[in-house]
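Visitor: Could you have a look at this structure, given as C-alpha cells, before my questions?
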Amino acid sequence: MYRLLLLCLLSAACSAQTTQQPIEQPLGFEEYDPVSTLKVPEHKLTKAKFPFIDVHNHQGNMDAASLKNLLQDMDKLNLQVMVNLSGRGWGAEEASTKFFNDAVSSIRANSPKRFILFTNILFGGIGKPGWTEEAVKQLEADVKNGAQGLKIYKSLGLNVKDSNGKRVAVDDPRLDPIWAKCGELGIPVLIHTADPKSFWDPMDRYNERWLELKLHPGRRRGANDPVPWEKLLTEQHSVFRKHPKTTFINAHMGWYPNDLAKLDSVMKVYPNTLVEIGAVIAELGRQPRAAKKFFEKYQDRILFGKDSWVPSEYATYFRVLETEDEYFPYHKKYHAFWRMYGMGLPDSILKKVYYKNALRIIPNIDKSQFPD
Ligand SMILES: [Zn+2]
820 MYRLLLLCLL SAACSAQTTQ QPIEQPLGFE EYDPVSTLKV PEHKLTKAKF
870 PFIDVHNHQG NMDAASLKNL LQDMDKLNLQ VMVNLSGRGW GAEEASTKFF
920 NDAVSSIRAN SPKRFILFTN ILFGGIGKPG WTEEAVKQLE ADVKNGAQGL
970 KIYKSLGLNV KDSNGKRVAV DDPRLDPIWA KCGELGIPVL IHTADPKSFW
1020 DPMDRYNERW LELKLHPGRR RGANDPVPWE KLLTEQHSVF RKHPKTTFIN
1070 AHMGWYPNDL AKLDSVMKVY PNTLVEIGAV IAELGRQPRA AKKFFEKYQD
1120 RILFGKDSWV PSEYATYFRV LETEDEYFPY HKKYHAFWRM YGMGLPDSIL
1170 KKVYYKNALR IIPNIDKSQF PD
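Here the sequence shown is numbered in the numbering used here, starting from 820 and rising by one per residue.
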C-alpha cells in the first residue's frame, strides 16, 4: 500500500494530475488565516461593564496634552484609574527624577483622581558602598512625593549587573531593605520576573511561541541565558518568602497562566502575593472553565492589568472576562494561534478584579469613583 502511494507521488503522471487541480501549494503557518464558519452568539465589548483600574500600564508622556488624550481613550473603555508603572520614565537614570517630579505635578494639576504613579529602583551602581541606603532613601522620598507603589522590571534577574559585573539575582540580599521598606510604607511592589518559558525552549515546531520568536528574535534565549527559567522564578518566590509583610503583585500571573495548578500552589504558599493578568488573557481564554474556577478561588487576589497601551486590545480582555462567547479571535497571532472562550464571571468577581482588589492594596485611590 505504502509503496503504491510512494510510486504515485513520484510518478510524472501523478504530479501532472495534481497540477491540473486548483489546489494551493502547501500553505505556511504564517499565511494560514481561515475565516471561521462557526455561527454562535457574539457579544463584542468595547467598554468594561464596571469602571476599572489598570494596574499594569506604561506611559512615557505625562504632560497635560498627553493626559487629555489618554483620558479620552480611557473614558471610552471605562478605564477609571490608570497606574503608570514607569514612574521614572524610560530614559537615562539621571533624567528619571525630573521625569517623576514632572509627572507628579502634571497629574496633580490636570487629573489627580485618574492617574497613579509607581516608582522604580535605579540599579546603576549596585554593589558600591552605600547603594542600598541611597536606594531606600530615594524610595521613601518618592513615596512622600506621590508614588503609590514600586514597579520592578524584568531586567532584575536578566540584565541588571552589580559594580563587579555580576548578575544581580532577584533575591539578592542587597535588595532586602527595599522590599522591607515597601512593607513598612504600605505600598505594593509590582514585580515582573522572567518571560514566558517558551523563550528559553528550543525554537522548533513544538514551541508555542515560535512565531513570536521569529518576529522578535531578541526574545529568544538559550536554556541557561542568563540562567534557567525555573531559577528566576525560584529567586522571585524567595523574595516573597523573605518578606511576608510586603504585598507583591506578581506580574503576568507569575508566568504560570498556562499552569494554574502550579500558580495555585505558589499563591497558597505566599499569601502576601496577588497576580495581575497583563498580556496573558490568551492563556485564560483557552481554558475558560479552569480559569473561572481559579478566579472563583482567588477572587480577592487577582487584578486587572494590560501592559502595552493599545486601547483596541482591551476588547479581548472584557470579552474573555465578562461573556460566555465561544471561539472568538485574539488580537495577536504570535501570542495565540488559538481562539478565545469567555469565562462569564459574575458581577461580584468582576468588581473585585476590575477595582475592589486594587482599591484595597494600593493606597490613596479615591474610592468614590467606583460603585459598591
Ligand atoms: Zn510591563
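Backbone N, C-alpha and C define an ideal beta-carbon position, used for all residues, glycine too.
The structure displayed is predicted, hence computed values, not measured ones.
#1: Any contact of the stretch 876-883 with the stretch 918-932, i.e. 3+ C-beta pairs under 8 Å?
#2: Who are the near neighbours of Asp873 in its chain, counting only those whose CB is closer than 8 Å to its CB and skipping five residues on each side?
#3: Out of Pro996, Gly1097, Met1086, Arg1039, point me to the one whose CA is closest to His1011's CA.
#4: Strictly by DSSP, which residues pair up with Arg986?
#5: Are Tyr1117 and Leu1030 close, meaning C-beta to C-beta below 8 Å?
#6: With a CB to CB cut of under 7 Å and the five nearest residues on each side skipped, what residues in its chain are close to Arg907?
#7: Note the first and the last residue of the continuous alpha helix (DSSP H) segment covering Phe1114.
#8: So what's Met1159 in DSSP terms, helix, strand or just coil?
#9: Between the alpha carbons of Tyr1075 and Tyr1149, how many angstroms are there, rounded?
#10: Could you round the C-beta distance between Gly1073 and Leu1082 to whole angstroms and report it? I think they count as a contact, below 8 Å.
#11: Provide the residue span of the alpha helix (DSSP H) that contains Met1086, from first to last.
#12: Going by beta carbon distance, what residues of the same chain come within less than 6 Å of Lys1064, once the five residues before and after it are set aside?
#13: Can we say the stretch 1016-1031 touches the stretch 972-992, given the rule of at least three CB pairs closer than 8 Å?
#14: Find out if the Cβ-Cβ distance for the pair Pro1190, Phe869 is shorter than 8 Å.
#15: Determine the contact status of Ile1181 and Tyr1136, defining contact as a CB-CB distance below 8 Å.
#16: Consult DSSP for Val874 and reduce its assignment to one of helix, strand or coil.
#17: Out of curiosity, what's the CA-to-CA distance linking Lys1175 and Pro845?
#18: Would you call the CB atoms of Val1094 and Asn1069 closer than 8 Å?
#19: Just to check, is the beta-carbon of Leu904 closer than 7 Å to a non-hydrogen atom of ligand 1?
#20: Assuming Glu1141 and Leu864 form a contact by the criterion Cβ under 8 Å, report the distance between their Cβ atoms to the nearest whole angstrom.
#21: Of the residues Leu896, Lys932, Leu890, Val854, which one's Cα is nearest the Cα of Asp1185?
#22: Could you compute how far the alpha carbon of Leu826 sits from the alpha carbon of Tyr1146?
#23: Using alpha carbons as the reference points, say which of Gly984, Lys895, Leu941, Met893 lies closest to Gly910.
#24: If Leu1009 and His875 are in contact, beta carbons under 8 Å, what's the gap, nearest whole angstrom?
#25: Identify which residue in Gly847, Lys1151, Leu1032, Val1058 has its Cα closest to the Cα of Asp990.
#26: What are the boundary residues of the beta strand (DSSP E) that Glu1095 is part of?
#27: Looking at His1035 and ligand 1, is the gap between the Cβ and the nearest heavy atom below 7 Å?
#28: With hydrogens ignored, establish whether the beta-carbon of Asp1126 is closer than 7 Å to any heavy atom of ligand 3.
#29: Buried or exposed, going by whether 16 or more other CB atoms sit within 10 Å of the CB of Gln967?
#30: For Lys858, name the three-state secondary structure that DSSP assigns.
#31: Going by DSSP, what residues sit across from Val1008 in a beta bridge?
#32: Return yes when the Cβ of Lys1111 is within less than 8 Å of the Cβ of Leu1164, no when it is not.
Guide: Short version:
#1: yes
#2: Leu898, Val900, Met901, Val902, Phe1123, Gly1124, Lys1125
#3: Gly1097
#4: Lys980
#5: no
#6: Ser915, Phe918, Phe919, Thr938, Asn939
#7: 1107-1116
#8: strand
#9: 19 Å
#10: 6 Å
#11: 1079-1088
#12: Gly1002
#13: no
#14: yes
#15: no
#16: strand
#17: 51 Å
#18: yes
#19: yes
#20: 6 Å
#21: Lys932
#22: Bear in mind that the predicted position of Leu826 carries a pLDDT of just 42, short of 50, making it unreliable; the figure below should be weighed with that in mind. If you take the alpha carbons of Leu826 and Tyr1146, they lie about 41 Å apart.
#23: Leu941
#24: 7 Å
#25: Val1058
#26: 1092-1095
#27: no
#28: The model depicted lacks ligand 3 and carries ligand 1 instead.
#29: buried
#30: coil
#31: Leu969, Phe1067
#32: yes
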